[in-house]
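I have placed the structure first, in the form of structure tokens, so that the comments after it can refer back to it.
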Amino acid sequence: MRVRHSVTRVLPYQPRQLFEMVGDVESYPQFVPWITGMRVWNRRDDEAGGGSLDAEAAVQFAVLKERFSTRVRRDAAAGEITVSLISGPFQHLVNRWRFRDDPEGTRVDFQIDFEFKSKTLTKLLSANFHHAVERLMQCFEGRARELYGARGGGA
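For the sequence shown, this note's numbering assigns the number 4 to the initial residue and increments by one for each residue that follows.
If you want it as structure tokens, here you go:
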């Protein structure tokens with residue numbers, strides 16, 4: 004059973020700022036409480052500010068502790084970050100961030116599509132997954148305020 008969820012927000016920041024913040028996966032343990040560790044390898048940056056990397060996240064939700072690895076592709080020209088599964092407790096995992104100009108700053112579209120290898124775990128976590136995605140967005144919004152101020156600005 005696959006679980007899919009999407010969230011859209013308009014935030015008072017520049018698309019480039021949010022693209023760089025979301026693309027800085029090494030910083031996630033600093034502001035996403037359930038990510039307890041992050042290891043990055045195979046980093047390839049391009050001259051446009053995009054590129055790709057592989058990352059292993061250590062996560063903890065209550066008694067559940069897991070590690071999973073993903074490939075993160077950052078397309079600066081398109082304003083998109085796509086994350087796909089390498090290994091871990093998932094059967095399937097893809098998420099995509101899109102950053103688009105908006106009169107009030109940036110329209111952020113986040114989509115996630117996943118399925119755990121364990122059907123029981125998928126059923127258990129899917130019931131309240133929309134709350135987890137909303138909380139994740141709140142973590143990123145808080146990080147943006149911390150880095151760029153309440154109204155954005157900057158370069």
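Beta carbons are placed, not taken as given, at the ideal position from N, Cα and C, and that holds for glycine.
Tell me, which residues are paired with residue i by DSSP?
| i | result |
| --- | --- |
| residue 57 | 44, 74 |
| residue 101 | 83, 112 |
| residue 69 | 62 |
Is residue i near residue j, with beta carbons less than 8 Å apart?
| i | j | result |
| --- | --- | --- |
| residue 55 | residue 77 | yes |
| residue 118 | residue 95 | yes |
| residue 82 | residue 15 | no |
| residue 22 | residue 115 | no |
| residue 66 | residue 43 | no |
Considering only residues of the same chain and omitting the five flanking positions on each side of residue i, which have a CB-CB separation below 7 Å?
| i | result |
| --- | --- |
| residue 45 | 56, 57 |
| residue 158 | Only weak support is given to the placement of residue 158: the predicted model assigns it a pLDDT of 44, under 50, and the value that follows is read from those uncertain coordinates. If we look at residue 158 and ignore the five residues flanking it on each side, it has no Cβ neighbours. |
| residue 8 | 115, 132, 133, 136 |
Please name the residue, chosen from the options, that lies closest to residue i on a Cα-to-Cα basis.
| i | options | result |
| --- | --- | --- |
| residue 147 | 62, 8, 31 | 31 |
| residue 35 | 153, 142, 154, 149 | 142 |
| residue 87 | 107, 72, 103, 51 | 72 |
| residue 74 | 51, 26, 37 | 26 |
| residue 52 | 128, 124, 24 | 24 |
| residue 91 | 103, 68, 79 | 68 |
I'd like to confirm something about residue i: is its beta-carbon nearer than 7 Å to some heavy atom of the ligand SAH, or not?
| i | result |
| --- | --- |
| residue 114 | The ligand content of the structure shown is nil, which means the ligand SAH is not present either. |
Can you give me the Cβ contacts of residue i inside the same chain, cut-off strictly under 6 Å, excluding the 5 residues immediately before and after it?
| i | result |
| --- | --- |
| residue 20 | 151 |
For residue i and residue j, which I take to be in contact (beta-carbon distance under 8 Å), what is that distance rounded to the nearest angstrom?
| i | j | result |
| --- | --- | --- |
| residue 11 | residue 112 | 5 Å |
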